[in-house]
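As structure tokens, the structure follows; a few thoughts come after it.
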Amino acid sequence: MKRNGCLLAFVLAVALALAWACGPARSHPTVAEASSTSCQPFSDEDLAALRWLEHVTGPLSAAEEKEWWNVGGGQFGIFSKRYNIAFCGYAAAAFGIRGDADCRRRVAQILGRCIERYLRRDVWAYAMAKSYWGRCPWAPDPCYRENVMYTGHLLQLLALYEAFSGDRRYWKEGFDFKWKDGRSVHYDVQKLIDVTVFQMRCHSGGGVCCEPGLMFFPCNNHPHVALKLFARLGHGDWTADALRWEKWALAHYVDPLFGGGAFNLMHHVRSGLFWPRGINGLDGWSLLWYEPWAEDRGTALAIWRKAADRIDWKALEGGPDKCSGDGSCCSPVDVPAIATATFLAAAARACDDPDTAARLEGIAARNLVRRDGMAYLDVGREWRIGATANYFISRAIAGGTSFRRFLQRGGGDFTVASSAVDQVHLCFSPITERNSEGW
15 MKRNGCLLAF
25 VLAVALALAW
35 ACGPARSHPT
45 VAEASSTSCQ
55 PFSDEDLAAL
65 RWLEHVTGPL
75 SAAEEKEWWN
85 VGGGQFGIFS
95 KRYNIAFCGY
105 AAAAFGIRGD
115 ADCRRRVAQI
125 LGRCIERYLR
135 RDVWAYAMAK
145 SYWGRCPWAP
155 DPCYRENVMY
165 TGHLLQLLAL
175 YEAFSGDRRY
185 WKEGFDFKWK
195 DGRSVHYDVQ
205 KLIDVTVFQM
215 RCHSGGGVCC
225 EPGLMFFPCN
235 NHPHVALKLF
245 ARLGHGDWTA
255 DALRWEKWAL
265 AHYVDPLFGG
275 GAFNLMHHVR
285 SGLFWPRGIN
295 GLDGWSLLWY
305 EPWAEDRGTA
315 LAIWRKAADR
325 IDWKALEGGP
335 DKCSGDGSCC
345 SPVDVPAIAT
355 ATFLAAAARA
365 CDDPDTAARL
375 EGIAARNLVR
385 RDGMAYLDVG
395 REWRIGATAN
405 YFISRAIAGG
415 TSFRRFLQRG
425 GGDFTVASSA
435 VDQVHLCFSP
445 ITERNSEGW
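By the numbering used here, the letter at position 198 of the sequence shown is numbered 212, and the numbering carries on one by one without gaps.
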């Protein structure tokens, strides 16, 4: 009898192990399965947005590729390709957080395509300009030092892709930056994390420069969002690095001397000086991605109240919807009102200000186009993708998405078991689509 009891226990143990291997444990859902219990069903607009994201990031004809992605000029401006691609990935994730299994599968594919686009040479070649890092001994490596305006977004896309797909190929196989003279630089996720965190620990405040010697607050949010998510996926713990940067940044960037917004535009590292004026759009970008990883969410909400009080409504509601200029990180002159409004709307939603968000969404929605089952903002080629993606992030948050709940512990949130993460890969097919140019 005792022997039979042991045999029965063994059989039960094997059955439980197989159940764990073949299906997610209910008490430990994967990251991709975490969603807000207050999420609303997808609207027709949500579905049209998801179809648009699939279309614009997917394989396109040569004519459509040019129509959608011939943006950013020399790729130094605010809405260069790297930002447009990243915003598409973030918008997709915003829908995936509250979507069903099929939606998450579609989101994983979109994120995979975004990463493939992001690694194309035309997206990062600007880093090899002589005025940037082209003369440095590590060229043609676009990630080795500074340039968090590229590497931060790449990290966040990689983290989101793993969260929604369970695919760890970028840890195992890595990816290559191939220069036009045949030189190639190989990275994997661990190496990208290492070079980023090394720079955080070298700077007195824990920040990483976007451009040579220039440090911006919004750019530094993206690696911390990524690291928070990688930590939940079981890859490490960078809490101390996040706290160090947050403490220093809040002491130096908030409340510009000459107003204009809630954050100083930038910091010149060598001189130690700050550009003591803010910009509304920068506030939106900053707070949308600071709120998810902030140690105390109340801090982000308090800064949002300052930002909301400084919104230039006259410029937004009476400004041009379209603009042919590509703008720069230091001058908002060429930024159309709708693009600024979409950044602010998403931040307002994230920071619990639905009234302000609705007013801002109304400014953007005056140029909302529905065509071929898709929806997007018609604000001119340079701004169309990024503005549309941010608008849909705002709408997704209105429907119940919370990037903070997605990253942080708390009621209704998730915990990650490494074996559960691995098994998600069985549910998704690898991204195998390529266009004629091979990306």
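Just so you know, even glycine gets a beta-carbon here, dropped at the ideal spot from N, CA and C.
Quick one: is CYS128 buried, meaning 16 or more other Cβ sit within 10 Å of its Cβ, or exposed? buried
Using 8 angstroms for Cβ pairs, my map puts VAL239 next to TRP303. What's the rounded Cβ distance? 6 angstroms
Alpha carbons only, please: which of TYR104, PHE90, SER75 is nearest the one belonging to THR415? TYR104
Considering Cα atoms alone, identify which of VAL70, GLY295, LEU228, PHE191 is closest to ARG395. VAL70
I'd like to confirm the pairing. Which residues does DSSP put opposite TYR201 in its beta bridges? TYR201 is bridged to PHE189.
Which term fits TRP327, buried or exposed, when burial requires 16 or more other beta carbons within 10 angstroms of its beta carbon? exposed
Buried or exposed: which applies to GLY196, given that a residue is buried once 16 or more other Cβ atoms fall within 10 Å of its Cβ? exposed
Let's test the definition: count the other Cβ atoms within 10 Å of the Cβ of ALA355 and tell me whether it reaches 16, buried, or not, exposed. buried
Taking only runs of the alpha helix (DSSP H) that begin and end inside the region 88-119, which ones reach a length of at least 4 residues, in chain order? Listed in chain order, the complete alpha helix (DSSP H) runs (minimum 4 residues) inside the region 88-119 are 95-111.
Counting beta carbon pairs with one atom in the region 61-81 and one in the region 393-411, are three or more of them shorter than 8 angstroms? Taking a contact to require three or more Cβ pairs closer than 8 angstroms, the region 393-411 and the region 61-81 qualify as touching.
Using DSSP's beta-bridge definition, name the partner residues of HIS281. MET229, PHE288
Drop a sphere of 10 angstroms on the beta-carbon of ALA265, count the other beta-carbons inside from all chains shown, and report buried for 16 or more, exposed for fewer. exposed
Shortest alpha-carbon distance to ALA139 belongs to which of ALA361, GLN89, CYS224, ILE317? Residue GLN89 is the option with its Cα nearest to ALA139.
Of the listed residues VAL393, ARG385, LEU358, nearest to ARG409 (C-alpha basis): LEU358
Alpha carbon of ARG119 to alpha carbon of ILE407, nearest angstrom: 18 angstroms
Assign TYR304 to one of three DSSP states: helix, strand, or coil. helix
Distance, TRP252 Cα to GLN170 Cα: 14 angstroms
Could you please give me the residues that DSSP links to MET142 through a beta bridge? Answer by DSSP bridge pairing: none, since MET142 is not bridged.
Measuring straight from C-alpha to C-alpha, what distance separates HIS352 and THR370? Rather than His, the amino acid found at residue 352 in this sequence is Ile. The straight-line gap from Cα to Cα measures roughly 14 angstroms.
Out of LEU168, ASP136, GLU176, CYS223, point me to the one whose CA is closest to GLY110's CA. GLU176
Counted within 10 angstroms of its Cβ, other Cβ atoms place ASN294 as buried (16 or more) or exposed: buried
Do GLY298 and ALA361 have their CB atoms nearer than 7 angstroms? Less than 7 angstroms separates the beta-carbon of GLY298 from that of ALA361.
In this structure, how does DSSP classify ALA389 when only helix, strand and coil are distinguished? strand
Apply the 10 Å Cβ neighbour rule to ARG131 and answer buried if 16 or more other Cβ atoms are within range, or exposed otherwise. buried
C-alpha distance - ARG65 paired with ARG183, whole-angstrom precision: 26 angstroms
Counting only beta-carbon separations shorter than 7 angstroms, does ALA314 have a partner in chain D? The structure shown contains no chain D; it is built from a single protein chain.
Could you give the residue range of the alpha helix (DSSP H) that holds ALA256? 253-266
Restricting to Cα atoms, I'd like to know which of TRP307, HIS282, LEU271 is closest to ARG291. LEU271
Span of the alpha helix (DSSP H), counted from its first residue to its last, around THR454: Since the first and last residues shown for the chain are 15 and 453, residue 454 lies out of range.
So ASP269 is in the alpha helix (DSSP H); what residue range does that whole segment cover? Segment: none, ASP269 is in no alpha helix (DSSP H) and carries neither H nor E.
Taking ASN404 as part of the alpha helix (DSSP H), name the residues at either end of that continuous run. Counting along the chain, the alpha helix (DSSP H) containing ASN404 begins and ends at 395-412.
Throw me the rounded Cβ distance for the LEU279 and LEU296 pair, which I believe falls under 8 angstroms. 6 angstroms
If the criterion is Cβ atoms closer than 7 angstroms, does the pair ARG284 and GLY332 meet it? Contact flag unset, no.
Can you name the residues that DSSP bridges to LEU382? LEU391
LEU133 classed as buried or exposed, judged by whether at least 16 other C-beta atoms fall within 10 angstroms: buried
Does the distance from the CB of HIS200 to the CB of ASP190 come in under 7 angstroms? yes
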